[in-house]
Amino acid sequence: MTRRQILLIDDETDIQTVAKIGITLSTDWEVITANSGEAGLDVAIATPPDAILLDVAMPGMDGLATLAALKQNPATTDIPIIFLTAKAQAADRRRLYEAGAKGVILKPFDPTTLASQMAGFLAWPF
1 MTRRQILLID DETDIQTVAK IGITLSTDWE VITANSGEAG LDVAIATPPD
51 AILLDVAMPG MDGLATLAAL KQNPATTDIP IIFLTAKAQA ADRRRLYEAG
101 AKGVILKPFD PTTLASQMAG FLAWPF
């Protein structure tokens, strides 16, 4: 089996660090990071990952705009997206699923269960 690659797009370096540690401690997945929607889009086009963990609230191109751009590009349209968000309201989560998310993980998240949550949303063995 090939090693899975996750693209983590979040403007907060602390979130990137904690998520990356949580994912790599319990899996052999490779985690690459981008600190903006624009940078994440560039990375995803250049080297399409197996999945994207995407922050909703970012300056410039936010998570929803990033998702829309990913869906418009034939090279990235089928990459599953899981959102990270601090907005816990059902209406907020529903809007993300309606936009095409495979899953929504609330911040603050538990880094020790992050990979298993992702695997569950993606129907990957864990």
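In terms of UniProt numbering, the sequence shown opens at residue 1 and continues consecutively. We put the CB at the ideal spot given by N, CA and C, even for glycine.
Who does VAL18 pair with in a DSSP beta bridge?
In the sequence shown, the residue the question calls residue 18 occupies position 18. In the DSSP output, where bridge partners are listed per residue, VAL18 has none listed.
In the DSSP assignment, the beta strand (DSSP E) including PHE83 goes from what residue to what residue?
In the sequence shown, residue 83 corresponds to position 83, counting from 1. 81–85 is the span of the beta strand (DSSP E), which, as asked, contains PHE83.
Between the C-alpha atoms of ILE45 and ASP11, what's the straight-line distance to the nearest angstrom?
Reading the sequence shown from its first residue, position 45 is the one you call residue 45. Reading the sequence shown from its first residue, position 11 is the one you call residue 11. So the two alpha carbons sit approximately 19 Å from each other.
Does the distance from the C-beta atom of LEU67 to that of GLY40 stay below 8 Å?
Working through the sequence shown from its first residue, we reach residue 67 at position 67. Working through the sequence shown from its first residue, we reach residue 40 at position 40. Contact: no.
For ILE23, collect the residues of the same chain with a Cβ closer than 7 Å to its Cβ; drop the 5 residues on either side in sequence, then sort them by chain order.
Residue 23 sits at position 23 when you count from the first residue of the sequence shown. ILE6, TRP29, VAL31, LEU114 and ALA115.
Going by the beta-carbon positions, is the gap between THR76 and PRO48 smaller than 8 Å?
Walking along the sequence shown from the start, residue 76 turns up at place 76. Walking along the sequence shown from the start, residue 48 turns up at place 48. In this structure, PRO48 lies closer than 8 Å to THR76 by Cβ.
Between which residues of its own chain and VAL56 is the CB-CB distance below 6 Å, once the five residues before and five after are set aside?
As a position in the sequence shown, residue 56 is number 56, starting the count at 1. Within the same chain, VAL56 has close Cβ partners GLY63, PHE83 and THR85.
By a C-beta neighbour count over all protein chains shown, 10 Å radius and 16 as the cutoff for buried, is GLN16 buried or exposed?
In the sequence shown, residue 16 corresponds to position 16, counting from 1. The residue is buried, with at least 16 neighbouring Cβ atoms inside 10 Å.
Give me the Cα-Cα distance between ARG4 and ASN35, rounded to the nearest whole angstrom.
As a first step, residue 4 must be located in the sequence shown, where it is residue number 4. As a first step, residue 35 must be located in the sequence shown, where it is residue number 35. Using only the alpha carbons, I get a separation of about 20 Å.
On the criterion of 16 or more Cβ atoms from any shown chain inside 10 Å, does ALA88 qualify as buried, or is it exposed?
Translated into the one-based positions of the sequence shown, residue 88 becomes position 88. By the neighbour-count rule (16 or more Cβ atoms within 10 Å), ALA88 is not buried but exposed.
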